[in-house]
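Trainee: To start, I am sharing the structure in question, which I have written as structure tokens.
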Amino acid sequence: MESTIVKSVNYNAYFGDNHVVKDVNIEIPRNTTIAVMGPSGCGKTTFLRGINRMHELIPGATAKGQILLNGEDVMEMHPIFVRLKIGMVFQRPNPFPNLSIYDNVIAGYKLNGIKLPKAERDNIVQHSLTRVALWNEVKDSLTKKGSFLSGGQQQRLCIARAVAMEPEVLLFDEPTSALDPISTSTVEELFHELKKNYTLIIVTHNMQQAARVSDRTAFFYMGELVEFDDTKTMFTNPKDIRTQNYITGRFS
Amino acid sequence: MSVAIKYRIGKSTAFKTLVIVLSLACVVPLLFILVYILQAGITKINWNFLTNLPKPVGESGGGIANALVGTMIIVGTASIIAIPFGILCGIYLSENKNSKLAYWSRLCIDILQGIPSIVIGIVAYFWLVKPLNSFSSLSGSMALAIMMLPIVVRSTEETLLLLPDSLREAAYALGMPFHRVILKVIVPCGISGIMSGVMLSVARITGETAPLLFTAFGNPYLTTDITKPMQSLPLLIFNYATSPYNDWHDLAWGASCILLIWVLLLNIFTKLITRKWKVQL
Amino acid sequence: MTQLEHELQSVKVELVGMWSLVESQLKKTRTSMVLFDRDLAREVSMKEKRVNAFELKIDRDCENIFALYCPVAVDLRFLLAVLKINTNLERIGDIADGISKYIIEALENFDEDLFAKTEVIKMFDDAISMLADTRIAFEKDDTTLARSIFQRDEVLDDINYAAIDRISNAIAEDLTVMHDALYVLSIIRKLERVGDQTKNIAEEIIFFVEAKVLKHHQEIQRK
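Structure (structure tokens):
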């Protein structure tokens, strides 16, 4: 298996005339956790959303360049296919409020009209919920609505929903910024588990979180990828002065 | 010091009292109408009243079966025409908030909502009645559908706009195509709001008289042919109440009472639906 | 300046204060050795407590900054360096104290000829100036100056290496200086340790400024 799973080549993204991601070249190895950090408005979330082509859902948003998934350009693929391969978890937990916990987990199949035998569905639900360490907490209330769970549980439910589709890459857009510290650490523990099977790309504002969970860290500033390196190196000896100023809090 | 404070407290109390009194005053007309019409109409309603046709002048008794059936057909047809259009248009407006088309259609719908019902009736008359050379319930339904449309559109749009974007994103991120995002996620989550909009618009048009004057026209006999003139409750009330015969006045009171109960029921039902189907976001 | 920068600045000021104290301890020890001034030696011994107090204070401050600010990158390296330099300085303080103890113990003035033969005073002067220069390098983040320490330490090593022969020759010439000679040998051994500690400090300075680890590396990489 090739070691690089996602690669961007001169990727540019725009909102109308606003050039928000500039010539990003990055190679992301398989089964690693990548943290993407940078100040607000630096284009990191836009880049993340570019990877599974969520970016273009926003009116006026366009993109240029290539994003390669296993060597294939996602810009040439159908977005729906890309999004099945690259799952995404958002800042605020967003389970489908009209569906039960069970249905939320298999929402990717159910709402896409993919018919599965009951045994297989049960299996997927249990497997996905176990993987996000939620099974024991919800196994007796699978028919309840997802919105009755706590924030942290909801977020794990959303991760289970993404995991259930067996994607290759999971994107996280500030996944813990709406959670309390306990839920945050639960989700962070989860990253270590998920890393074994998936490639995780996590946008975070929390530098300590980036340091704790990721193998490599990318630093974005003003739409550019300033530095992409081993997380340990990044937090002890960043090469670029902008990275250093950002992580040491001397940013003006 | 203390005098100043007492003065301020006094002003505050006076204002609160005023607000309460005026709120109560709003309830009075409704109660008055309810009591008055129920008093006058409830005694006229019985099985014969609901199942018989009106008797000619001079004979006592008779019912409003033709108007009941007519109203159902006219309102039903109008709903069949307006609801799909309205909901789809509302979905478009909420999904494409900033497009040019959305701007113009929103403007047109706002204007449409402001057009007097009698004008809509005249338009329907020139469009349908004149070319077909006959009054018909279909033309009445068209006029009512036009009246319904803005209400359905706006209530759908407003309901869907309240749904957070994160919901759409969640659906798109699972690789769902647009039509499934709308049908399986957006509409189910907003169904209570959409339904209440639909119910209120039905309640609203059931009582409309003006657009029917030149279109459905009225008919003393029972008919289910939508290409023919047809009786409806508001038309019946309008015609019979302005007639000089006491028997007909009784029919008008009874019909008013039925209309009132129908609107009340729809309103209560709407409240129930909104509560029951409300999706906790 | 951010709050973290204020904290780091105050740690730096404290460490420089400790540095000056240790320097003055070494200088006084040298003077007391040359002039055989036991009172001065006793003063050094007394002041050793202040060096220890400095060490504890700086340790605690670093601990607090780690706990409260989670420093990263250059700040992290700076604090790690401060912790280690702190230990090194305290050891140098101990050495000054140890040499002072010899002077207090010794019954009579050291033989001045021995000083000349063994170059112990030059060694002392070099050690003091190396320590002063590392301090300047630390204050100014001057890694060139810090690198120069490595070569200057070799001079101390050479003196130390030659000491055995020189001392045994001196004893062979005149048995009466045996007692003094052994003291001087011990002092030389201790001063050699000062050189090593100073070298370690220089390595830490280069580590925090340039993020290069020079410890246990060959000389080539130090240039």
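Heads up: the protein sequence lines correspond to chains A, B and C, in order.
The numbering used here puts the first residue of the first sequence at 1, with every later residue one more than the last.
The numbering used here puts the first residue of the second sequence at 1, with every later residue one more than the last.
The numbering used here puts the first residue of the third sequence at 1, with every later residue one more than the last.
Just so you know, even glycine gets a beta-carbon here, dropped at the ideal spot from N, CA and C.
Every value quoted in this text rests on a predicted model; they were computed, and no experiment measured them.
(1) As a quick exercise: from 125/B, 224/B and 157/B, pick the residue whose alpha carbon is nearest that of residue 68/B.
(2) Measure the alpha-carbon distance for residue 144/A versus residue 60/A and round it to whole angstroms.
(3) Residues in its own chain within less than 6 Å of residue 12/B by CB, not counting five upstream and five downstream?
(4) Please determine, among 134/C, 46/C and 38/C, the residue with the shortest C-alpha to C-alpha distance to residue 85/C.
(5) State the DSSP-derived secondary structure class of residue 216/A, mapped to helix, strand or coil.
(6) Kindly list the residues whose CB is nearer than 6 Å to the CB of residue 229/B, restricted to its own chain and excluding five residues on each side of it in sequence; keep chain order.
(7) Among 258/B, 204/B, 110/B and 112/B, which one has its Cα closest to the Cα of residue 78/B?
(8) Express the C-alpha separation of residue 14/B and residue 4/B in angstroms, rounding to a whole number.
(9) Confirm, please, whether the CB-CB distance from residue 200/A to residue 26/A is below 8 Å.
(10) Would you tell me roughly how many angstroms separate the C-alpha atoms of residue 100/C and residue 49/C, rounded to the nearest one?
(11) What are the residues of the stretch 141-153 of chain A that lie near chain B, defined by any Cβ-Cβ distance shorter than 9 Å?
(12) Please report how far the alpha carbon of residue 282/B lies from the alpha carbon of residue 40/B, in whole angstroms.
(13) Can you give the Cα-Cα distance for residue 166/C and residue 38/C, rounded to whole angstroms?
(14) Assuming contact is defined by CB atoms lying nearer than 8 Å, are residue 143/B and residue 124/B in contact in what I supplied?
(15) Starting from residue 139/B, trace the alpha helix (DSSP H) in both directions and tell me its first and last residue.
(16) What is the rounded straight-line gap between the Cα of residue 1/A and the Cα of residue 72/A?
(17) On the CB-based measure, 16 or more other CB atoms within 10 Å of its CB, does residue 13/C come out buried or exposed?
(18) Just tell me which of 204/C, 33/C and 170/C has its CA closest to the CA of residue 103/C.
(19) Assign residue 243/B to one of three DSSP states: helix, strand, or coil.
(20) Quick one: residues in its chain with C-beta nearer than 6 Å to the C-beta of residue 7/C, no 5 flanking neighbours on either side, listed in chain order?
(21) Just by C-beta distance, which residues in the stretch 189-211 of chain C are closer than 7 Å to chain A?
(22) Which residues bound the beta strand (DSSP E) around residue 7/A?
(23) Looking at the unbroken alpha helix (DSSP H) that takes in residue 202/C, where does it start and where does it end?
(24) At a cut of 8 Å, does the stretch 187-194 of chain B reach the stretch 154-162 of chain B through at least three beta carbon pairs?
(25) Below 7 Å CB to CB, which residues in the same chain sit around residue 216/A once its five sequence neighbours on both sides are set aside?
(26) Taking all protein chains shown into account, do 16 or more other C-beta atoms lie within 10 angstroms of the C-beta of residue 248/B, making it buried, or fewer, making it exposed?
(27) Under 8 Å between the Cβ atoms of residue 66/A and residue 11/A?
(28) For residue 129/B, which three-state DSSP category applies?
(29) Ordered along the chain, which non-local residues of its own chain (more than five positions away) have a Cβ less than 6 Å from that of residue 202/C?
(30) What do you reckon, are the CB atoms on residue 137/B and residue 74/B nearer than 8 Å?
(31) Report all residues from its chain with a CB closer than 6 Å to the CB of residue 231/B; omit the five preceding and five following residues, and keep chain order.
(32) Measuring straight from C-alpha to C-alpha, what distance separates residue 97/B and residue 64/B?
(33) Grouping DSSP H, G and I as helix and E and B as strand, with all else coil, what is residue 73/A?
(34) Taking C-alpha atoms, which residue in 52/B, 176/B, 207/B and 255/B lies nearest to residue 53/A?
(35) Quick check: is the beta carbon of residue 156/A nearer than 8 Å to any beta carbon in chain B?
(36) With a cut-off of 8 Å, does the C-beta of residue 208/B fall near any C-beta of chain A?
Mentor: With the structure as the only source:
(1) 224/B
(2) 39 Å
(3) none
(4) 134/C
(5) strand
(6) 135, 217 and 219
(7) 204/B
(8) 15 Å
(9) no
(10) 14 Å
(11) Listed by position along the chain: 145, 147 and 148.
(12) The structure shown has nothing for residue 282/B, since chain B only spans 1 to 281.
(13) So the alpha carbons of these two residues sit roughly 26 Å apart.
(14) yes
(15) Note, residue 139/B: alpha helix (DSSP H), 137-162.
(16) Because the pLDDT of residue 1/A is 49, which lies under 50, any placement of that residue in the model is unreliable, and the number read from its coordinates should be weighed accordingly. Using only the alpha carbons, I get a separation of about 14 Å.
(17) exposed
(18) 33/C
(19) coil
(20) 65
(21) The stretch 189-211 of chain C vs chain A, Cβ under 7 Å: 211.
(22) 4-15
(23) 178-210
(24) They touch, by the three-pair rule.
(25) 32, 34, 228, 229, 230 and 231
(26) Residue 248/B is buried by the Cβ-count criterion.
(27) yes
(28) It is helical.
(29) Within the same chain, residue 202/C has close Cβ partners 134, 146 and 149.
(30) yes
(31) 66, 67, 70, 218 and 219
(32) 46 Å
(33) strand
(34) 176/B
(35) no
(36) Any Cβ of chain A closer than 8 Å to the Cβ of residue 208/B would place that residue at the interface, and such an atom is absent.
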